[in-house]
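Peer 1: I have a structure here, written as structure tokens, and I will follow up with some questions on it.
In mature numbering (1 follows the signal peptide of the UniProt record, and there is no 0), the protein residues as written are -28 to -1, 1 to 615.
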């Protein structure tokens, strides 16, 4: 079943509360026309900073920030000037909607973008025009080179088409635009980096960066990969506003550069069948992410980021993705990142089914689109108009990553237990009541539990395994999920609701986290594990500290988005702590340099020597360290099962 995310109750109000200059021209039906311009840059903006006592001074420069990339070859030299947007409330520069890949054909792999035209910007009507080196520049920075392209990077690009309540809400509220030509990224940086060499030219080729000047101090980089079950998600989602977390890092003396990336989701990014397998175009969403990482590696120096200090970071399916990048290529990360942050997920969590699982789903789409008689059904699907294909490609069909023998060669659990993964420092964890998002309701008997476990698309269990697992999770309300509520039950959700939720959370999230903690630490790498134990604002007891609850805290985002921190000082303080811990890890590979008093030391995970989690509590001074031994027998069994 699809991940249960917090109900989108308040997104519509964002139009007036958060955004500057937002038009409401977006249609509820995703638009595949790149000329439909919608000024949604304000999703990064806020009229007022978090509080006057912590706000930086406004930027003194009235000019928009710019970054110049120079693409050189034997025959030509081209300069691209990215025109960004200043955010003086946070002393930050925004560069939004930068295409990192050439527009791919549907169901084909993306390729790294190395040259630009003004029309590449989804905001091209305001992007200016190409100019020769003899033209007079109207930007604050004159690029040199035979040809100059001015790229409008002041607004988000198109987001990738997907399916789900989050996406529907964003589209209907006019907060996003959808198109298949959606492979873009956003860069948020402290405005102070414009004083360094990054405002001058950086030569970029497809083979890498060539620089003629000594580097001044560059900043660590964190790349955000959104979640959404690989079925939905967008960098324009206001919950993922990076300004606040970067602001906390800067206040703590640990400034970083933030990058968020769009990638293809649902059937557009994860279609699978024997036909897809034969074409070699599997796991396209993950391959998109890899291309984006290469773009960042090659180009982030021009924005003030250090290409040797990149951390990839994701939540839920974004964390699944981060985990996938740890195990792909037999663990050779090609120098694309030095560390990883995974919130509620890693490579072991999702159901890496094979082609035989997805073939009936593919055939269903072929039938609906009248491609059945085509000699090449995949080619036929590529030619179906977007407006026809989009509504037919879902209808309850959920697409996850697949074991394709190339990007994912084997079950990630095997890769991790046998040491074929990137040995990099990690910070990762889960929320206390993950299972309330992945369980089911209406389960009243042992047999119903077993049948639900067998039928689930999120894990693969046979009857013997399901029966054995049931025995390790007795139907005792006092120890069920949501945890900590004693013998309280909710009969309307089923008499075994808490039991099933406990198993579901451990199967999806907790057991994979413990497995990766143990395996990574054995290679003497820095591992920091956490348990998030603070519920979302106004959350009911029946849900508890569910999946996604930590997101507004980690982003230190007080705006009126879904599950906001609100004006509660204790929640704001906890969010600031989490944001500082995350940025401290990106900077130092250690979350303890957060600069907040009366917080216990977060220990490294040491299997066999009292392995521990940092537990986030409210107020933040009540956070503590616990032994990572709860539900030991059930979790050990889950990790012993070949997925």
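For each residue, glycine too, the CB sits at the ideal point set by N, CA and C.
Please read all numbers here as calculations on a predicted model, not as lab measurements.
With distances taken from CA atoms, which of 197, 363 and 241 is nearest residue 289?
Peer 2: In the chain shown, counting from the first residue as 1, residue 289 sits at position 317. Nearest of 197, 363 and 241 to residue 289, Cα basis: 197.
Peer 1: Would you mind giving the Cβ-Cβ distance between residue 454 and residue 408, rounded to the nearest angstrom? I have them listed as a contact below 8 Å.
Peer 2: Residue mapping note: residue 454 aligns to position 482 of the chain shown, counting from 1. Residue mapping note: residue 408 aligns to position 436 of the chain shown, counting from 1. Rounded, the Cβ-Cβ distance is 6 Å, consistent with contact.
Peer 1: Do residue 121 and residue 90 have their C-beta atoms closer together than 8 Å?
Peer 2: Here residue 121 refers to the residue found at position 149 of the chain shown. Here residue 90 refers to the residue found at position 118 of the chain shown. In contact: residue 121 and residue 90 (Cβ atoms closer than 8 Å).
Peer 1: How big is the Cα-Cα spacing for residue 193 and residue 541?
Peer 2: As a first step, residue 193 must be located in the chain shown, where it is residue number 221. As a first step, residue 541 must be located in the chain shown, where it is residue number 569. Each residue's alpha carbon lies about 29 Å from the other.
Peer 1: Measure how close the beta-carbons of residue 349 and residue 247 come, nearest whole angstrom, since I'm counting them as under 8 Å.
Peer 2: By 1-based counting over the chain shown, the position of residue 349 is 377. By 1-based counting over the chain shown, the position of residue 247 is 275. Their Cβ separation, rounded to whole angstroms, is 6 Å, which keeps residue 349 and residue 247 in contact under 8 Å.
Peer 1: Does the beta-carbon of residue 82 have 16 or more other beta-carbons within 10 angstroms, so that it is buried, or is it exposed?
Peer 2: As a working note, residue 82 is residue 110 in the chain shown. With 16 or more Cβ atoms within 10 Å of its Cβ, residue 82 is classed as buried.
Peer 1: Thinking just about the alpha-carbon of each residue, which of 154, 403 and 37 is nearest to the one in residue 525?
Peer 2: Here residue 525 refers to the residue found at position 553 when the chain shown is read from its first residue. When only C-alpha atoms are compared, the closest one is 403.
Peer 1: Tell me the DSSP bridge mates of residue 504?
Peer 2: Here residue 504 refers to the residue found at position 532 when the chain shown is read from its first residue. Paired residues: 403 and 588.
Peer 1: Residues in the same chain with beta-carbon distance under 6 Å from residue 363, minus the five sequence neighbours each way, listed in chain order, please.
Peer 2: Position 391 of the chain shown, counted from the first residue, corresponds to residue 363. Counting only Cβ-Cβ distances below 6 Å, and skipping sequence neighbours, we find nothing.
Peer 1: If we cut at 8 Å on Cβ distances, does residue 219 have a partner in chain D?
Peer 2: Here there is only one protein chain, and chain D is not present.
Peer 1: What does the alpha-carbon distance come out to for the pair residue 195 and residue 231?
Peer 2: In the chain shown, the residue the question calls residue 195 occupies position 223. In the chain shown, the residue the question calls residue 231 occupies position 259. Cα to Cα, residue 195 sits roughly 5 Å from residue 231.
Peer 1: What's the gap between the Cα of residue 390 and the Cα of residue 486?
Peer 2: Numbered from its first residue, the chain shown carries residue 390 at position 418. Numbered from its first residue, the chain shown carries residue 486 at position 514. The straight-line gap from Cα to Cα measures roughly 16 Å.
Peer 1: With 16 as the cutoff for other CB atoms within 10 Å, does residue 128 come out buried or exposed?
Peer 2: Here residue 128 corresponds to residue number 156 of the chain shown, with the count starting at 1. Buried, by the Cβ-count rule.
Peer 1: Where in the segment 402 to 473 do unbroken runs of the beta strand (DSSP E), each at least 3 residues long, occur, reported from the N-terminal end onward?
Peer 2: none
Peer 1: Taking the beta carbon of residue 424 as the centre, do at least 16 other beta carbons fall within 10 Å, making it buried, or is it exposed?
Peer 2: Counted from its first residue, the chain shown places residue 424 at position 452. Classification for residue 424: buried.
Peer 1: Is residue 292 helix, strand or coil when you go by DSSP?
Peer 2: Reading the chain shown from its first residue, position 320 is the one you call residue 292. Of the three classes helix, strand and coil, the one that applies to residue 292 here is helix, per DSSP.
Peer 1: When the Cβ atoms of the segment 137 to 157 are set against those of the segment 46 to 58, are three or more pairs found closer than 8 Å?
Peer 2: Under the 8 Å Cβ criterion, the segment 137 to 157 does not count as touching the segment 46 to 58, having fewer than three qualifying pairs.
Peer 1: On a CA-only basis, which of 562, 569 and 578 is nearest residue 548? Give me that one, please.
Peer 2: Taking the first residue of the chain shown as 1, we reach residue 548 at position 576. Cα-wise, what sits closest to residue 548 is 569.
Peer 1: Between which two residues does the beta strand (DSSP E) containing residue 38 stretch?
Peer 2: Counting from one through the chain shown, the residue named residue 38 turns up at place 66. Segment 38 to 44, the beta strand (DSSP E) holding residue 38.
Peer 1: Around the C-beta of residue 581, are 16 or more other C-beta atoms found within 10 angstroms, so that it is buried, or is it exposed?
Peer 2: Your numbering for residue 581 matches position 609 in the chain shown. Exposed, since its Cβ has fewer than 16 Cβ neighbours within 10 Å.
Peer 1: Quick check: what's the CA-CA separation for residue 481 versus residue 59?
Peer 2: Taking the chain shown and counting its residues from 1, one reaches residue 481 at position 509. Taking the chain shown and counting its residues from 1, one reaches residue 59 at position 87. Near 37 Å, if we compare the C-alpha coordinates of residue 59 and residue 481.
Peer 1: Is the beta carbon of residue 628 less than 8 Å from the beta carbon of residue 298?
Peer 2: Within the shown structure, residues of the chain are numbered from -28 to 615, placing residue 628 beyond reach of any answer.
Peer 1: Output the distance between the C-alpha atoms of residue 502 and residue 401, rounded to the nearest integer angstrom.
Peer 2: Reading the chain shown from its first residue, position 530 is the one you call residue 502. Reading the chain shown from its first residue, position 429 is the one you call residue 401. Going by the C-alpha atoms only, they are around 5 Å apart.
Peer 1: Should residue 611 go down as buried or exposed, given a rule of 16 or more other Cβ atoms within 10 Å for buried?
Peer 2: The sequence position of residue 611 within the chain shown is 639, counting from 1. Answer is buried; the Cβ neighbour count reaches 16.
Peer 1: How many angstroms separate the CA atom of residue 380 from the CA atom of residue 374?
Peer 2: Position 408 of the chain shown, counted from the start, is the residue given in the question as residue 380. Position 402 of the chain shown, counted from the start, is the residue given in the question as residue 374. Computed Cα separation, rounded: 7 Å.
Peer 1: Do three or more CB pairs link the segment 215 to 222 to the segment 155 to 167 at distances below 8 Å?
Peer 2: yes
Peer 1: So, are the CB atoms of residue 286 and residue 200 less than 8 Å apart?
Peer 2: Taking the first residue of the chain shown as 1, we reach residue 286 at position 314. Taking the first residue of the chain shown as 1, we reach residue 200 at position 228. Taking 8 Å as the cut-off, the Cβ atoms of residue 286 and residue 200 do not count as close.
Peer 1: Relative to the alpha-carbon of residue 57, which residue among 367, 123, 293 and 249 has its alpha-carbon at the smallest distance?
Peer 2: Position 85 of the chain shown, counted from the start, is the residue given in the question as residue 57. Nearest option by C-alpha distance: 123.
Peer 1: Count Cβ pairs between the segment 505 to 514 and the segment 572 to 590 that sit closer than 8 Å; are there 3 or more?
Peer 2: yes
Peer 1: Count the other CB atoms within 10 Å of the CB of residue 351; is the residue buried (16 or more) or exposed (fewer)?
Peer 2: Here residue 351 refers to the residue found at position 379 when the chain shown is read from its first residue. Exposed is the call here.
Peer 1: Please list the terminal residues of the continuous beta strand (DSSP E) segment that includes residue 57.
Peer 2: On the chain shown, position 85 is the one that residue 57 refers to. Note, residue 57: beta strand (DSSP E), 57 to 59.
Peer 1: Straight-line CA distance for residue 456 to residue 205?
Peer 2: Walking along the chain shown from the start, residue 456 turns up at place 484. Walking along the chain shown from the start, residue 205 turns up at place 233. Their backbone Cα atoms lie some 32 Å apart in a straight line.
Peer 1: Start and end of the alpha helix (DSSP H) containing residue 237?
Peer 2: Position 265 of the chain shown holds residue 237. DSSP places residue 237 in no alpha helix (DSSP H); its state is neither H nor E.
Peer 1: Put residue 542 into one of helix, strand or coil per three-state DSSP.
Peer 2: By one-based count along the chain shown, residue 542 stands at place 570. Here residue 542 sits in helix by DSSP.
Peer 1: Give the DSSP bridge partners of residue 51, in chain order.
Peer 2: Counting from 1 along the chain shown, the entry for residue 51 is found at position 79. In the DSSP output, where bridge partners are listed per residue, residue 51 has 42 and 120.
Peer 1: State the DSSP-derived secondary structure class of residue 704, mapped to helix, strand or coil.
Peer 2: Nothing about residue 704 can be read from this structure; the chain reaches only from -28 to 615.
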